[in-house]
Ligand code: PGA
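In the working numbering, the protein residues as written are 1408 to 1663.
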């Protein structure tokens, strides 16, 4: 069984006080749950403070990006070791905003995935098509290219540690969520890609999150899909109540 995984991507939002308040409220509610994995991905400058709040709880901590080199003259960047050092266990890689605004490509994402795995961080690797690509029927082709490009060279042993986030670009921050059928089609296709590259057992272990306008009121039907194993949540992760409702929806028979 795949444990559902809900990660909150705060992006460049909240201040120190709000970050502490949201993290504190989430720890109080889900800090001991093990039926669902929860992680928060604050801006780098708040990682340490949030780590202290999460300490001793089951809630994980992630970066939103990292550099693939171990260290060096890379102004403004942080390494996998630095993320680990401040308490991270995971990192979002290849988010569409990184691909769109900061030049991330399948090649650099692949280098980051390799560095994250080598350091012992769980990479949450984002893939997703733009609206015009969907309208032109290219969705599965785009996802296949991103899958093979971003995960080139990942060994079978490492693949079980990777989390994939399917995030259709047209659904991110727009309020326009993929239908459960649209999400399931891509998620099932991703699982087939994993099976073809590795094997069926590995494909069954890898968790595939959906991301893109996930809210309390649409999370349950998305996560009821057989191949949707959680969510990467942006806007709705900025308030504890809406994020906690999504955590609940990931595991509807469970109660917190
Ligand atoms: P959103 O963002 O939930 O605000 O659409 C999702 C994401 O970018 O991970």
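Ideal Cβ positions, reconstructed from N, Cα and C, are used throughout, including at glycine. None of the values given here were measured: they were computed from a predicted structure.
Residue environment analysis places residue 1478 among the exposed positions, since fewer than 16 neighbouring C-beta atoms fall within 10 angstroms of its C-beta. Shown here, residue 1530 sits in a strand according to DSSP, grouped into three states.
Here the C-alpha atom of residue 1537 lies approximately 5 Å from the C-alpha atom of residue 1576. Rounded to whole angstroms, residue 1639 and residue 1593 show a C-alpha spacing of 15 Å. The beta carbon of residue 1460 sits closer than 8 Å to those of 1427, 1430, 1431, 1434, all from its chain and outside the five residues before and after it, given in chain order. A residue is called buried once 16 or more other Cβ atoms fall within 10 Å of its Cβ, and residue 1444 is buried on that count. Within the segment 1453–1510, the runs of beta strand (DSSP E) at least 3 residues long that lie entirely inside it are, in chain order, 1467–1470, 1497–1500. Membership of residue 1574 in any alpha helix (DSSP H) is not indicated, and neither H nor E is assigned to it by DSSP. At the C-beta level, residue 1520 and residue 1547 stay beyond 7 Å of one another.
Not one heavy atom of ligand 1 is found less than 6 Å from the C-beta of residue 1421. Under the DSSP definition of a beta bridge, residue 1416 partners with 1448. If you draw a straight line from the Cα of residue 1570 to the Cα of residue 1598, it is about 12 Å long. In this structure, residue 1625 lies away from residue 1561, with their beta-carbon atoms at least 7 Å apart. Ligand 1 never approaches residue 1468 closely enough for any of its heavy atoms to be under 6 Å from the residue's Cβ. DSSP places residue 1545 outside any alpha helix (DSSP H), giving it a letter other than H or E. Counting only the Cα atoms, residue 1556 lies some 31 Å from residue 1627. Bounds of the alpha helix (DSSP H) holding residue 1428 are 1423–1437.
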